[in-house]
Amino acid sequence: MSMSEYEHHRLFFGIEIPQPVKQAIETSLRAFPQALHQMVSPDRWHITLFFLGECPDIRGYTSRLKKPIPQAFLPTVHVTHLGRGLAPNQVWAYVAPSPILDEIRAGLLERLKKMRLPSPLLRASQSFVPHIHVADLPADKNSSLASDSLIKAVFPLKEITLFESKKTEAGLMYMKELGIPLTR
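To get my numbering, take the position in the sequence shown, counting from 1, and add 28.
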């Protein structure tokens, strides 16, 4: 990991989006009026499972974090449609909620709590609406004119990723810090 001993890092757990799914989302996004949105760079697309916030150096936790998450079968993620997000001025690719995603998320949270990972947000309740933030809507435009657009994209979930969010001159970048495999 590239983490300095004295720095704090903005961390979150998420799911990386495979290239064929990104292409399906981009195709669907073309149905939105161009004047009503600005696409978020596809290299930033992910599904956030849990936001950890500002954390100190976690190198001492990585071997336990990398421990595989056992599953009876590899779950699939279903991207269903594109529409206005629940966050203001955002376009989301919605992911079908599923008990499996909820169980993986709950198991990961339990693991983090048992490890006593130093995150102020572990005790906080975070709502979970699975989605991918794919575009921003200008506040000065009437974005209610943009209708939802169907997406049929499915991919197997093989790994959960720990990301670090870094501010750069070009905007936010999400750096993969480690992967946690899902195993059968």
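C-beta atoms are modelled at their ideal positions from N, C-alpha and C, and glycine is treated no differently.
Each of K94, R139, L57, P209 was checked against the Cα of K186, and the nearest Cα belongs to P209. Considered as a whole, the region 73-99 harbours 74-83 as its complete beta strand (DSSP E) runs of no fewer than 3 residues, in chain order. Cβ contact annotation for P184 (same chain, cutoff 6 Å, sequence separation greater than five): L102, T104, in chain order. One thing to note: V157 has its Cβ no nearer than 8 Å to the Cβ of I53.
Straight through space, the alpha carbons of P61 and L145 are spaced by roughly 44 Å. When DSSP states are grouped into helix, strand and coil, E192 belongs to the strand group. The Cβ neighbour count for V182, taken over all protein chains shown within 10 Å, is under 16; the residue is labelled exposed. DSSP places E138 inside the alpha helix (DSSP H), whose first and last residues are 127-143.
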